[in-house]
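A.B. asks: Here it is, the structure, as C-alpha cells.
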Amino acid sequence: KDEWRECQWCGGVGTPECEECKGTGTKVCWKCGGAGNYVCNQCNGSKVNQWQCHVCGGTGQVKDEAKTVTSVFKDDSGYSGTCTIKVEEGDTKEDIMRKATRARLESRKKQMEARGITVK
C-alpha cells in the first residue's frame with residue numbers, strides 16, 4: 030500500500046495560486062473602470078503560478094517511505110523530463126533540492142549530447 034505524505038520542500042502547496050490575479054484567472058479591466066475583466070497575463074487564466082515544486086512535481090505529496098523522489102521539470106527551451114534522486118536519512122530540504130538540481134542538469138546534459146551539442 031502506498032502511503033503519501035506532505036512534500037517537505039513546498040509544504041504541500043505543490044503548485045501555488047497565481048499571486049497576480051489571486052487565483053481567479055482574471056483581472057479587473059482598469060481601462061473600463063472595472064466594468065469588465067480580462068485574462069490574467071501572469072498565469073494566462075490557469076489560476077496557478079507558473080512555478081511548481083520540483084521535488085513533488087507540483088502534486089504537494091511524496092511517498093511516505095520515500096527513498097527516492099522523482100523530479101518533474103521543464104525548462105525554457107521546452108525540454109521536459111523526469112529524474113530520480115535517492116533521499117538519504119537526515120537529508121535537509123536544501124540537500125534534496127541540490128540533488129534534484131544536479132540530477133536535472135545531468136539529464137539535460139545527456140539529452141543535449143545526444144543531439145550532438147557539446148556541453149562543458
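Residue numbering for the sequence shown follows our numbering, starting at 30 and increasing by one per position.
Cβ coordinates follow ideal geometry from the N, Cα and C atoms, glycine included.
Tell me which same chain residues have a C-beta within less than 7 Å of the C-beta of residue 48, skipping the five on either side of it?
C.D. replies: 78
A.B. asks: Residue 72: which of 125, 46, 42 and 90 sits nearest, CA to CA?
C.D. replies: 46
A.B. asks: Within 10 angstroms of its Cβ, does residue 61 collect 16 or more other Cβ (buried), or is it exposed?
C.D. replies: exposed
A.B. asks: Do residue 42 and residue 89 have their CB atoms nearer than 8 Å?
C.D. replies: yes
A.B. asks: Using only the alpha-carbon positions, how far apart do residue 130 and residue 65 sit?
C.D. replies: 42 Å
A.B. asks: What span of residues does the beta strand (DSSP E) with residue 55 cover, start to end?
C.D. replies: That run of the beta strand (DSSP E) goes 55-57.
A.B. asks: Could you tell me the distance, in whole angstroms, from the CA atom of residue 123 to the CA atom of residue 137?
C.D. replies: 21 Å
A.B. asks: Among all the DSSP beta bridges, which residues are the ones paired with residue 35?
C.D. replies: 90
A.B. asks: Within 10 angstroms of its Cβ, does residue 146 collect 16 or more other Cβ (buried), or is it exposed?
C.D. replies: So residue 146 counts as exposed.
A.B. asks: Between which residues of its own chain and residue 39 is the CB-CB distance below 6 Å, once the five residues before and five after are set aside?
C.D. replies: 82
A.B. asks: I need the boundaries of the alpha helix (DSSP H) containing residue 144, first residue and last residue.
C.D. replies: That residue, residue 144, is in no alpha helix (DSSP H); it is neither H nor E in DSSP.
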